[in-house]
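Please read the structure below before turning to the comments.
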Amino acid sequence: EQIDALHEQLGLDQPFLVQLADYMSGLFFHLDLGESYVTRIPIAAEIFSRLPRTIGLGVVSIAISFVFGVLLGILAGTHQNRWQDSLSMVIALIGVSMPAFWLALMLVLLFSVQLGWLPASGMGGIEYYILPAIANSVGGIAGIARQTRSSILETIRSDYITTARSKGLKENEVVMKHILPNALIPIITVAGQSFAAVFGGSVIIETVFSIDGIGLYMMNGITSRDYPVVQGCVVLLGIIFSLCMLLVDIAYAFVDPRIKAQYEGESKRKKRKEAAA
Numbered sequence: 001e002q003i004d005a006l007h008e009q010l011g012l013d014q015p016f017l018v019q020l021a022d023y024m025s026g027l028f029f030h031l032d033l034g035e036s037y038v039t040r041i042p043i044a045a046e047i048f049s050r051l052p053r054t055i056g057l058g059v060v061s062i063a064i065s066f067v068f069g070v071l072l073g074i075l076a077g078t079h080q081n082r083w084q085d086s087l088s089m090v091i092a093l094i095g096v097s098m099p100a101f102w103l104a105l106m107l108v109l110l111f112s113v114q115l116g117w118l119p120a121s122g123m124g125g126i127e128y129y130i131l132p133a134i135a136n137s138v139g140g141i142a143g144i145a146r147q148t149r150s151s152i153l154e155t156i157r158s159d160y161i162t163t164a165r166s167k168g169l170k171e172n173e174v175v176m177k178h179i180l181p182n183a184l185i186p187i188i189t190v191a192g193q194s195f196a197a198v199f200g201g202s203v204i205i206e207t208v209f210s211i212d213g214i215g216l217y218m219m220n221g222i223t224s225r226d227y228p229v230v231q232g233c234v235v236l237l238g239i240i241f242s243l244c245m246l247l248v249d250i251a252y253a254f255v256d257p258r259i260k261a262q263y264e265g266e267s268k269r270k271k272r273k274e275a276a277a
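First residue of the sequence shown: 1, per UniProt numbering; consecutive thereafter.
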């Protein structure tokens with residue numbers, strides 16, 4: 001009888017489609033993700049209280065990934081088949097092969113336990129972000145560096161790059177004003193995917209560094225078999241991934257004027273058709 005009463009309370013006695021419709025309507029119209037089985041606290045309130053910490057860590061991580069990844073990629077692409085290229089790609093290979101949880105533990109062991117320079121857990125000032133952000137950004141650095149190198153090598157063979165060099169421009173000006181802007185589209189795509197992956201990696205990183213964010217909240221839900229918590233966190237991570245991809249598409253229009261002109265041209269054609277009708 002207690003089991004039947006609990007099924008009725010949780011709505012598990014309803015058909016699957018009815019349960020799905022109730023969940024989706026509650027999610028989209030009321031931001032209702034249900035209650036935790038363990039604490040009986042609304043999951044949405046718990047998630048939104050932890051979201052700023054996870055977003056802060058994610059923004060710092062992707063900033064490190066983008067800056068160092070692009071720099072490594074430019075160094076490799078502009079020095080093809082030289083020692084700079086080989087060194088950059090070896091660093092990228094090590095980064096993409098290195099598990100984030102292992103790197104996090106090694107960073108804690110070296111900089112917190114042995115040297116005592118940085119805190120090993122918790123959140124506070126900027127010093128608390130350094131080790132988690134480094135551990136969470138290494139994979140992104142590797143992916144962005146490899147994509148930047150490929151884009152640079154593809155762009156550097158273009159005729160307009162030869163023309164720019166024939167005008168007597170310095171190599172730094174050619175790279176920053178002509179090569180890099182035209183190679184940014186695929187780099188932004190990889191950066192957007194890396195940003196989404198950073199939030200997925202936050203589950204491990206926040207657990208290692210005891211950061212009270214969404215990742216640690218999700219891990220606690222997994223260990224305690226609190227399925228609504230896990231479900232709510234997965235839904236949120238899916239929404240974040242979709243928003244990242246949307247922002248990447250919007251960024252294309254600002255980076256490449258041709259894409260912006262294409263959208264503006266389609267908009268003008270629609271207005272002409274509406275006016276003609």
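Even for Gly, the Cβ is constructed at its ideal location relative to N, Cα and C.
- Shown here for PRO181: same chain residues with a beta carbon closer than 8 Å to its own, the five before and five after excluded, namely VAL255 in chain order.
- One alpha carbon belongs to VAL90, the other to ILE74, and they sit about 15 Å apart.
- Note on PHE199: 16 or more other CB atoms within 10 angstroms of its CB, so buried under the neighbour-count rule.
- GLY192 is positioned such that its CB atom lies closer than 8 Å to that of LEU247.
- Counting the other CB atoms within 10 Å of its CB gives MET218 a total of 16 or more, which places it among the buried residues.
- Following the DSSP letters along the chain, one finds PRO132 inside the alpha helix (DSSP H) bounded by residues 127-155.
- Rounded to whole angstroms, the gap between the alpha carbons of ALA21 and GLY11 is 12 Å.
- Residue pairing by DSSP places PRO257 opposite no residue, since no beta bridge is assigned to it.
- Look at PRO186 here: in three-state DSSP terms it is helix.
- Pairing VAL70 with ILE188 gives a Cβ-Cβ distance that is not under 8 Å.
- Of the residues assessed, GLU206 falls on the buried side of the cut-off, its CB having 16 or more other CB atoms within 10 angstroms.
- DSSP links PRO42 through a beta bridge to GLU35.
- When only Cα atoms are considered, ARG225 and TYR37 end up about 9 Å apart.
- Taking 8 Å as the cut-off, the Cβ atoms of MET98 and VAL138 count as close.
- Cβ contact annotation for LEU107 (same chain, cutoff 7 Å, sequence separation greater than five): LEU131, ILE134, ALA135, in chain order.
- Here DSSP, grouped into helix, strand and coil, assigns LEU57 to helix.
- For VAL175, same chain residues with a beta-carbon under 7 Å away, outside a window of 5 residues either side, are ILE74, THR78 in chain order.
- Positions of the alpha helix (DSSP H) runs, each at least 4 residues long and wholly inside the stretch 182-244, are given as 214-223 in order along the chain.
- Note that the C-beta distance between PHE241 and ALA196 is below 8 Å.
- Taking a cut-off of 8 Å on C-beta distances, the stretch 42-51 touches the stretch 227-243, as three or more cross pairs fall below it.
- Following the DSSP letters along the chain, one finds GLY26 inside the alpha helix (DSSP H) bounded by residues 16-30.
- Non-local beta-carbon contacts of ARG53 in its own chain, meaning distances under 7 Å to residues more than five positions away in sequence, involve MET123, ILE211, ASP212, GLY213 in chain order.
- If only uninterrupted alpha helix (DSSP H) runs of at least 4 residues are considered, those enclosed by the stretch 57-100 are 83-97.
- If you draw a straight line from the Cα of VAL96 to the Cα of ARG157, it is about 28 Å long.
- ASP4 sits in a helix when the DSSP states are folded into three classes.
- Residues of the same chain with a CB within less than 8 Å of the CB of VAL190, apart from the 5 flanking positions on each side, are GLY143, ILE144, GLN147 in chain order.
- The Cβ atoms of SER202 and LEU57 sit closer than 8 Å to each other.
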